[in-house]
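Position one of the sequence shown corresponds to residue 285 (our numbering), numbered consecutively onward.
The beta carbon of each residue, even a glycine, is placed where N, CA and C say it ideally should be.
The structure presented is a predicted model; accordingly, all values stated were derived computationally and were not measured.
To keep things clear, I will list the structure first and then write my remarks on it.
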Amino acid sequence: MSSHSHISAVLVVFMALAVGVGAEPLAEKSCDVIGDESTESQMEKALLKKLEPLSQIRFNTTVEIGTTENYAYHFRVCREVNSSLHDFAGVVQMDRQSGKTTVIGRINETQVFNGSDWIMLIYKGGDSYGRHCSGEKRRAVIMISCKRGITASSFSIISEEREKEQDCFYLFEMDSSVACPAEDTHLSTGSILLITFSSVIAVYIIGGFLYQRLIVGAKGMEQFPHFAFWQDLGNLVADGCDFVCRSKPRNVPAAYRGVGDDQLGDESEERDDHLLPM
């Protein structure tokens, strides 16, 4: 093989590799909490992992104030709104009249913390305010409230605080089940004992019924397991209850008064001697 052919073959291989590498989709960037990797909060990392189910959902809302302000807001949880721009934009404001786009917050400057039934996600590092808020960078604050049974809903903008000298922000809110605390499924000792007792009783009755009917061949009430024992026990309990609960003896002797001697009449003087044989 000539040197020219060898070089051509090498070039073809490199081109194929380049095409193959270029064809691989680039992984989307995710949230990066503020600070060096060694000093990043483990709590924040755990919360970001909890929010991961929302990362593939795109959220949109619009707001119109009079005739001068008409905006659309686009938001993603720990993903870029437009990954092709590589600008880390997590919340974007678009002027629907002029088409101008403004980055409200970026995912590479993320803060996150939570309460009992909410998670607060903050994107910093947005585009500059210009003449408002001393020209500082914009910041998006997203309040995620607990709502069980719903992955995500009700994304909306609440307000924009831009009248202060610093620490201005855009406030958004939404509902999601990821912000809910884990449900406590622990059973108490009493519940466990009650379930166990109920299960044993059910097995005893059903198993005994089948045995009496199929093996012994009993009919009617005799199919109940140990029917004679339970019948005697019931009678014993009934007798005991009757003995404890009754207010007077069951068999009361008939009331009577004795007859005094003074109430007896005079003894008859009549004799029956004449009836005897002489």
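Simplified DSSP assignment, three categories, for residue i
{"i": "I485", "result": "helix"}
{"i": "V305", "result": "Summary for V305: the model assigns pLDDT 42, below 50, so the residue's position carries little reliability, and this model does not support an answer."}
{"i": "R401", "result": "One point to set straight first is that residue 401 is Asp, not Arg, in the sequence displayed. If DSSP states are grouped into helix, strand and coil, D401 belongs with coil."}
{"i": "C452", "result": "coil"}
{"i": "L344", "result": "It is Asn, not Leu, that sits at residue 344 in the sequence shown. Correct three-state label for N344: strand."}
{"i": "V317", "result": "strand"}
{"i": "S437", "result": "strand"}
{"i": "S418", "result": "helix"}
{"i": "V396", "result": "strand"}
{"i": "S460", "result": "strand"}
{"i": "D516", "result": "helix"}
{"i": "P509", "result": "coil"}
{"i": "A522", "result": "helix"}
{"i": "P337", "result": "helix"}
{"i": "G491", "result": "helix"}
{"i": "G501", "result": "coil"}
{"i": "S322", "result": "helix"}
Sub-8 Å separation of residue i and residue j beta-carbons
{"i": "I485", "j": "P509", "result": "no"}
{"i": "G410", "j": "G383", "result": "no"}
{"i": "S438", "j": "M458", "result": "yes"}
{"i": "S461", "j": "T435", "result": "yes"}
{"i": "I406", "j": "R423", "result": "yes"}
{"i": "S482", "j": "I391", "result": "no"}
{"i": "S475", "j": "E449", "result": "no"}
{"i": "F359", "j": "F456", "result": "yes"}
{"i": "I428", "j": "A466", "result": "no"}
{"i": "N398", "j": "L331", "result": "yes"}
{"i": "V396", "j": "E328", "result": "yes"}
{"i": "S440", "j": "T351", "result": "no"}
{"i": "Q515", "j": "Q507", "result": "no"}
{"i": "V317", "j": "T394", "result": "yes"}
{"i": "R380", "j": "Y413", "result": "no"}
{"i": "V361", "j": "A373", "result": "no"}
Opening and closing residue of the alpha helix (DSSP H) in which residue i lies
{"i": "L332", "result": "326 to 334"}
Residue span of the beta strand (DSSP E) that contains residue i, given as start and end
{"i": "Y355", "result": "353 to 360"}
{"i": "Q377", "result": "373 to 379"}
{"i": "I428", "result": "424 to 430"}
Below-8 Å beta-carbon distance, residue i vs any chain C residue
{"i": "I489", "result": "Chain labels in this structure do not include chain C; a single protein chain is all it has."}
Contact belief for residue i with residue j at Cβ below 8 Å, rounded distance in angstroms
{"i": "V340", "j": "Y355", "result": "Note that residue 340 is Gln in the sequence shown here, rather than Val. Between Y355 and Q340 the Cβ distance is about 24 Å, and since that is not below 8 Å, they are no contact."}
{"i": "S478", "j": "I403", "result": "A small correction: the amino acid at residue 478 is Leu; Ser does not occupy that position in the sequence shown. So it is not a contact: roughly 37 Å between Cβ atoms."}
{"i": "S261", "j": "E312", "result": "The structure shown does not extend to residue 261, since the chain spans only 285 to 562, so no value can be given for it."}
Beta-ladder partner(s) of residue i, from DSSP
{"i": "E445", "result": "F453"}
{"i": "R390", "result": "A373, K408"}
{"i": "I349", "result": "E353"}
{"i": "T473", "result": "Its beta-bridge partners do not exist; DSSP assigns none."}
{"i": "T385", "result": "M378"}
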